[in-house]
Amino acid sequence: MNGPLLKVENLTKHYPFGSGLFKKAIPVIRAVEDVSFTVDAGETLCIVGESGCGKSTVARLLMRLIEPTAGRVLIDGTDIAGLKKDALHAWRRRMQMVFQDPYSSLNPRLTAGQIITEPVENYESLSRKQRQALAADLLRKVGMSPEMIHRLPSELSGGQRQRLGIARALALQPSLIIADEAVSALDVSVQAQILNLLLDLQQQMGIAFVFISHDLGVVEHIAHRVAVMYLGRIVELAPSQALFAKPVHPYTEALIAAAPVPDPTRVRLEAPVEGEVPSPINPPSGCAFHPRCPLAVERCRVEAPPLVPMADGRVVACHVRAPATVIPPKPPVAANVSFIGT
Ligand SMILES: Nc1ncnc2c1ncn2[C@@H]1O[C@H](COP(=O)(O)OP(=O)(O)OP(=O)(O)O)[C@@H](O)[C@H]1O
Ligand code: SF4
Ligand SMILES: [Mg+2]
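This is the structure in structure tokens:
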């Protein structure tokens, strides 16, 4: 199959806010606004941004847990919104999600073995022996002892529960895993183990990841490309190395500057981002980052910057750092014009 595994086009999600009494227009929360990106097979795209910028909403839209206000999600070129029940069931097999808090997403009454095999049994019936073999194999794959097959989630540590969540996501051999803050709640050492596990599994099984994290250290470690979101929109999307070596959007720059620097030889950039994230109910005019941006000019207050492709393969939405080149309209071609007297 040519083309990306996942293609997201102009994805938008507005939530109604308030009751709209007295026939006033109901205000909306602009959780996600005109977001587009692709993910290739075996690739890791990380989504970063401050709390409330729309990362989890994008994840829920990708999984079709919520319906978009506008835009499309295509997997292998097929729009998932148009899928009928059977096709949707088959498609769900290919995309799995790992959540931040595995405890709330794991059924507390099921054993580890049952949790792992349950998704598979939604698609095919398994004998007792097959069930046991599958659960033991996946427990081993995520670095847990098959003896834990009979344990309940409450009898596992946080790191083991997160591994169990990953084992369950792997059971259907998905092409794509969406991980929303999947390691954020874990100790640094357990985090590192789980991240390395995900990287190994990606190499072995060619799985693509959409990995949502507020931890830029984690993102730098695992991302092939990074999408930076601000107030519902992507403001920069770049290959990971290029983004961390030279952020272009002032918000990306500020995020990286605000992140702890594990490498003492790496020089901090300018001052971290200041001020509160504005409300997504009434976002600032023009570029939504302008009230916090040290580079803002008058144009930023009135005109929203488009995402502009740059020479190194990234796209950036900033009037100052990535000005859109205005291509002058071509002069009309004079057809069949005869010149008199020449
Ligand atoms: N069901 C909902 N109804 C109304 N507003 C919502 C709903 N879900 C999310 N929002 C709003 O949409 C915006 C984006 O929320 P989202 O959960 O996607 O942010 P996030 O980037 O995942 O934040 P965090 O880093 O804190 O997890 C927020 O302003 C949030 O309050
Ligand atoms: S468009 Fe203007 S306000 Fe927005 S990031 Fe660029 S310089 Fe700052
Ligand atoms: Mg979230």
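Numbering (the working numbering), first residue to last: 57 to 398. Idealized CB from N, CA, C, for every residue including glycine. Since the model is a prediction, treat every value here as computed from it, not as a measurement.
Member of the options whose CA lies at the smallest distance from the CA of residue i
| i | options | result |
| --- | --- | --- |
| D157 | R217, A314 and A225 | R217 |
| V284 | A227, E106 and T173 | E106 |
| N163 | V274, R224, H375 and I136 | R224 |
| R116 | A97, D96 and F155 | F155 |
| P83 | N66, H375, S160 and P336 | P336 |
| N422 | K69, A97, A81 and T68 | No answer is possible for residue 422: the residues shown for the chain start at 57 and end at 398. |
| Q260 | G108, Q249 and K197 | K197 |
| T173 | Q297, R187 and A235 | R187 |
| A137 | E65, D256, A248 and P379 | E65 |
| R148 | S213, R165 and A227 | A227 |
| P361 | C343, C109, A367 and E211 | C343 |
| V275 | G262, Q297 and F345 | Q297 |
| T94 | P295, S201, L272 and G221 | P295 |
| V372 | L118, G127, L101 and H305 | H305 |
Expected contact under 8 Å - CB spacing of residue i and residue j to nearest Å
| i | j | result |
| --- | --- | --- |
| S269 | V104 | 6 Å |
| I131 | M153 | The pair is not a contact, with the Cβ atoms about 14 Å apart (cut-off 8 Å). |
| A314 | V333 | Going by Cβ atoms, the distance from A314 to V333 rounds to 13 Å, so no, they are not a contact pair. |
| L253 | F265 | Not really, about 12 Å apart at Cβ, beyond 8 Å. |
| R357 | H375 | With a Cβ gap of about 10 Å, R357 and H375 do not count as contacting. |
| L251 | I278 | 6 Å |
| I312 | L363 | Between L363 and I312 the Cβ distance is about 19 Å, and since that is not below 8 Å, they are no contact. |
| L190 | V176 | 7 Å |
Boundaries of the beta strand (DSSP E) in which residue i is found, first to last residue
| i | result |
| --- | --- |
| I234 | L232 to D236 |
| I268 | A264 to I268 |
| T68 | L62 to P72 |
| D90 | V84 to V95 |
| M285 | R281 to Y286 |
| L101 | T100 to V104 |
Local Cβ density within 10 Å of residue i, reported as buried at 16 or more and exposed below that
| i | result |
| --- | --- |
| T134 | exposed |
| H145 | exposed |
| K185 | exposed |
| T398 | Because the pLDDT of T398 is 34, which lies under 50, any placement of that residue in the model is unreliable, and the question is left without a value. |
| L62 | buried |
| V244 | exposed |
| R281 | buried |
| T381 | exposed |
| E444 | Nothing in the structure corresponds to residue 444, since the chain is present only between 57 and 398. |
| P365 | exposed |
| Y307 | buried |
| L118 | buried |
Span of the alpha helix (DSSP H) around residue i
| i | result |
| --- | --- |
| F300 | S296 to A301 |
| L130 | Segment A126 to I131 is the beta strand (DSSP E) holding L130; no alpha helix (DSSP H) there. |
| Y307 | P306 to A314 |
| V154 | Note, V154: premise wrong, no alpha helix (DSSP H); beta strand (DSSP E) at M151 to V154. |
The region 167-174 in contact with the region 199-219 per 3-pair CB rule at 8 Å: yes
Stretch-stretch touch, CB-based, cutoff 8 Å, three pairs: the region 276-295 with the region 85-92: yes
The region 239-248 in contact with the region 220-231 per 3-pair CB rule at 8 Å: no
Inter-stretch contact at 8 Å, needing at least 3 Cβ pairs: the region 290-308 / the region 67-76: no
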